[in-house]
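Novice:
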């Protein structure tokens, strides 16, 4: 049977072995293969520290944001993550003046004075240090800025500023948008980061109890751990299947098997889709096994509680599968099209950018175009439930995209069998002709 | 007699010229595209040493995979290997020439990019440049040794990429193999990476030599 032959080829390939080794190394190094080392989710007790969460509370966000903005303005050094990567932005003189006008509108301090203060502090070589504000860069790539509830900056930082009393939150937001635009996007003042950066507030006892009840009643505990497992699994499984697809397709070329396969009676759709299914099966079976090993490690922690034993299957096929499908489809399509490993560069670059962009929604949020939706937390069931439709749309869209890519791969393969398309033959000839001159 | 003379005088630069044209040019184009993409993805101006290490270690170091990993690829095609095997010029000489020009190109591209960052008021020290070269060479040599052992193009790229991805999550747990140490102000790992990359490059050529001689079962 063709499917079993293809499956055997995949399972006994070196690329499959590396995929398994890489996946196990990833989940084991993050402590999610054996979840018993993770925190046990228990009913909160009064008087505990329940952590913080981002909330859009104007009284908290506004003073903290203006404090940090003024500090960055004075040193003319703005931190931004325009597409997920750290960027340090310095503004030109004109843009600094525009920024001074924004701060002036928010604080009532004349722009000239602000420019003068900024000029002096820059000349003095002052650096802005967060005293009652602190940027905490986390290991998973995320960060938070924690601030005390203060309407003005501490004098010890060397920068002192306060908001005017008559500024509304809507006005404040519009100025923040302008400031973000001047910086070039992705700054602390952007829609994406404003509440996360400055709206961190302590979680109350009632909120902690609500969150626990959601994890107990909606997630049946296993769901919370499953999302964390998916987060790490997708970091590797959204890129590694492309290598298996490329290796398998290139093997036909290297062993000169194409001619033999082309002359068979099996249809192109059958050959290509069977190979595709074989790769997906080979990747997903170990993923399900690893997921069950991970999930089973917490069953003992919640004796007597209602658990969902089918969670690994639901999350594997609902969350992980579409990314595996896309990665494999990109590999097969581009390898059939070009007869080169170009798919590795394409998928590798997409993966690299996507993973870094994902840092902005690392606690959930699931943007529609995210290849690997992140949820790097055991908490956040409310975020998951509130954004479930968007996550479902994302996953369906990627699954559909993968199917489209595979249909294109079938068409290309059929054309090659008919001798009408030989990879990128014409382009190759053109460039090799140029090289030979 | 003539053949012996020709063998001794076979110009190394001719091997380099032919390989540069037919085997290296696309990899170089991809490397340059990656370098040009770096300022779009990352901040490359007004960075202190640790911040400047971010684009250099996290992205520019990938040039090692692009430029060094494909050194053995042409002979992975069975037909080419059969033709090359019949030639009087040793494969080892051809591999050495390819390795030398690949490493030179890698260094030149990294140094040029570092100079660009310096022009953009970044604090890019010699240590940072050498560290980036060591990281890139380590990733590339990992691909080279995989290529020598597996004779498989996809796997040769896969192993360094998996190791690179592992560095995102495992980070400093990898000890001397931590690729992103300069971002934390640590440089001693780079010495290990450089030494290991030199050993792996030499070993991968040795493996190819052994395999050609047929000394392995």
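Residue numbers (the numbering used here), protein chains in the order written: chain E, 1 to 437; chain F, 1001 to 1217.
Glycine is no exception: its CB is placed at the ideal position from the N, C-alpha and C atoms.
#1: Pairs of beta-carbons, one from the region 1172–1182 of chain F and one from the region 1127–1138 of chain F, closer than 8 angstroms: are there three or more?
#2: Taking 8 angstroms as the CB-CB cut-off, is residue 1001(F) touching chain E?
#3: Whole angstroms is fine: what's the gap from residue 95(E)'s alpha carbon to residue 182(E)'s?
#4: For a contact defined as C-beta to C-beta under 8 angstroms, what are the partners of residue 1042(F) on chain B?
#5: If you compare alpha carbons, which of 88(E), 71(E) and 73(E) is closest to residue 79(E)?
#6: Can you grab the Cα-Cα spacing for the pair residue 1109(F) / residue 1055(F), in whole Å?
#7: Rounded to the nearest angstrom, how far is the Cβ of residue 219(E) from that of residue 381(E), given a contact under 8 angstroms?
#8: Between which two residues does the alpha helix (DSSP H) holding residue 438(E) run?
#9: In whole angstroms, what is the alpha-carbon distance linking residue 357(E) and residue 1121(F)?
#10: Does any residue of chain F bring its CB to less than 8 angstroms from the CB of residue 129(E)?
#11: Give me the subset of the region 1147–1159 of chain F whose CB atoms are less than 8 angstroms from a CB atom of chain E, sorted by chain position.
#12: Scan the region 159–218 of chain E and note each continuous beta strand (DSSP E) run of 3 residues or more that stays entirely inside, going in chain order.
#13: Report the three-state DSSP secondary structure of residue 89(E) (helix, strand or coil).
#14: With residue 346(E) and residue 19(E) assumed to form a contact (beta carbons below 8 angstroms), what rounded beta-carbon distance in angstroms separates them?
#15: Name the DSSP bridge partner or partners of residue 53(E)?
#16: Could you check whether the Cβ of residue 98(E) sits closer than 8 angstroms to any Cβ belonging to chain F?
#17: Please confirm if residue 358(E) has its CB atom under 8 angstroms from at least one CB of chain F.
#18: Chain F beta carbons: is any one of them nearer than 8 angstroms to that of residue 377(E)?
#19: May I ask which residues mark the beginning and end of the alpha helix (DSSP H) holding residue 262(E)?
#20: Among 116(E), 210(E), 186(E) and 233(E), which one has its Cα closest to the Cα of residue 1169(F)?
#21: Return yes when the Cβ of residue 1123(F) is within less than 8 angstroms of the Cβ of residue 90(E), no when it is not.
#22: Decide if residue 1022(F) is buried, meaning its Cβ has at least 16 other Cβ atoms within 10 Å, or exposed.
#23: Closer than 7 angstroms, Cβ to any Cβ of chain E: which residues of the region 1041–1061 of chain F, in chain order?
#24: Give me, in chain order, the residues of the same chain whose beta-carbon lies closer than 7 angstroms to that of residue 69(E); leave out the 5 immediate sequence neighbours on both sides.
#25: Could you tell me which of 45(E), 195(E) and 58(E) sits nearest to residue 168(E), measuring between CA atoms?
#26: In whole angstroms, what separates the C-alpha of residue 117(E) from that of residue 164(E)?
#27: Would you kindly work out how many angstroms separate the C-alpha atoms of residue 401(E) and residue 371(E), rounded to a whole number?
#28: With a 10 Å radius around its C-beta and 16 neighbouring C-beta atoms as the bar for buried, classify residue 354(E) as buried or exposed.
#29: To the nearest whole angstrom, what separates the beta carbons of residue 455(E) and residue 328(E), a pair I think is in contact under 8 angstroms?
#30: Chain F partners of residue 261(E), CB-CB under 8 angstroms?
#31: Could you say if the region 1051–1067 of chain F and the region 1137–1153 of chain F meet the contact criterion of at least three C-beta pairs nearer than 8 angstroms?
#32: How about residue 1014(F): is its C-beta nearer than 8 angstroms to some C-beta of chain E?
#33: Could you work out which residues of chain F lie near residue 22(E), taking near to mean beta carbons separated by less than 9 angstroms?
#34: Determine the direct distance from the alpha carbon of residue 288(E) to that of residue 313(E), and round the result to whole angstroms.
#35: If the criterion is Cβ atoms closer than 8 angstroms, does the pair residue 442(E) and residue 34(E) meet it?
#36: How should residue 15(E) be labelled, buried or exposed, when 16 other C-beta atoms within 10 angstroms of its C-beta is the threshold for buried?
Specialist: Put simply:
#1: Output reads yes: the region 1127–1138 of chain F touches the region 1172–1182 of chain F.
#2: Only weak support is given to the placement of residue 1001(F): the predicted model assigns it a pLDDT of 47, under 50, and the value that follows is read from those uncertain coordinates. Closer than 8 angstroms: no.
#3: The alpha-carbon atoms of residue 95(E) and residue 182(E) are separated by roughly 7 angstroms.
#4: Judged by its chain identifiers, the structure shown contains no chain B, and its protein chains are E and F.
#5: Sorting 88(E), 71(E) and 73(E) by C-alpha distance to the C-alpha of residue 79(E) places 88(E) at the top.
#6: Those two C-alpha atoms are separated by around 14 angstroms.
#7: In this structure, residue 219(E) and residue 381(E) form a Cβ contact; the two beta carbons are roughly 5 angstroms apart against a cut-off of 8 angstroms.
#8: The question about residue 438(E) has no answer, for chain E in this structure spans 1 to 437.
#9: Roughly 26 angstroms between the two C-alpha positions.
#10: A caution first: residue 129(E) carries a pLDDT of 42, below 50, which makes its placement in the model unreliable, though a value can still be read off. Chain F contact via Cβ: absent.
#11: Those residues of the region 1147–1159 of chain F that come within reach of chain E (Cβ to Cβ, closer than 8 angstroms) are 1150, 1152, 1153, 1154, 1155, 1157, 1158 and 1159.
#12: 200–202, all fully within the region 159–218 of chain E.
#13: DSSP places residue 89(E) in strand when its eight states are reduced to three.
#14: At roughly 18 angstroms, the Cβ-Cβ gap does not stay under 8 angstroms, so residue 346(E) and residue 19(E) are not in contact.
#15: Residue 53(E) is bridged to 201(E).
#16: Not closer than 8 angstroms to any Cβ of chain F, the Cβ of residue 98(E) fails to qualify, so no.
#17: Not an interface residue.
#18: So no, residue 377(E) is outside the interface.
#19: 258–262 is the extent of the alpha helix (DSSP H) around residue 262(E).
#20: When only C-alpha atoms are compared, the closest one is 233(E).
#21: Cβ atoms of residue 90(E) and residue 1123(F): not closer than 8 angstroms.
#22: Residue 1022(F) should be labelled exposed.
#23: Residues 1041, 1042, 1043, 1045, 1046, 1047, 1051 and 1054.
#24: Once the five neighbours on either side are set aside, the close Cβ partners of residue 69(E) are 103, 179 and 189.
#25: If you compare the alpha carbons of 45(E), 195(E) and 58(E) with that of residue 168(E), the shortest gap goes to 58(E).
#26: For residue 117(E) and residue 164(E), the distance between alpha carbons rounds to 19 angstroms.
#27: Rounded to the nearest angstrom, the two C-alpha atoms are 11 angstroms apart.
#28: By the neighbour-count rule (16 or more Cβ atoms within 10 Å), residue 354(E) is buried.
#29: Outside the displayed range of chain E (1 to 437) lies residue 455(E), so it cannot be described from this structure.
#30: Under the 8 angstroms cutoff, chain F gives no residues; its nearest Cβ is about 17 angstroms from residue 261(E).
#31: Yes, the region 1051–1067 of chain F is in contact with the region 1137–1153 of chain F.
#32: For residue 1014(F), the nearest beta carbon of chain E is not closer than 8 angstroms to its own beta carbon.
#33: Under the 9 angstroms cutoff, chain F gives 1158, 1159, 1161, 1162, 1163, 1165 and 1166.
#34: It is roughly 7 angstroms from the alpha-carbon of residue 313(E) to the alpha-carbon of residue 288(E).
#35: The requested residue 442(E) is not part of the displayed model; chain E covers only 1 to 437.
#36: Buried.
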